[in-house]
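Novice:
Residue numbers (the numbering used here): 12 to 62.
Structure (structure tokens):
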């Protein structure tokens with residue numbers, strides 16, 4: 012079986028850093044969300060912590 016046939020194409024590819032920098036160049040305000048480090052700071056209700 013051809014692997015390329017069964018692979019699902021991701022329509023939302025991560026942009027290259029150059030593309031991001033071009034998008035914010037010349038702007039006065041921009042923001043950044045750190046989803047990787049922020050993930051472990053989401054609180055879980057006590058009764059849902061141990062399952």
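We put the beta carbon where it would ideally sit given N, CA and C, even for glycine.
From the DSSP output, in three-state form, read off residue 57 for me.
Specialist: Three-state DSSP puts residue 57 in a helix.
Novice: 9 Å is my cut-off, CB to CB: does residue 27 come that close to chain D?
Specialist: In the structure shown, chain D cannot be found, because there is only a single protein chain.
Novice: Could you give the DSSP three-state label for residue 28: helix, strand or coil?
Specialist: Three-state DSSP puts residue 28 in a helix.
Novice: Which first and last residues belong to the alpha helix (DSSP H) in which residue 46 is found?
Specialist: It spans 46-49 - the alpha helix (DSSP H) in which residue 46 sits, taken as one unbroken run.
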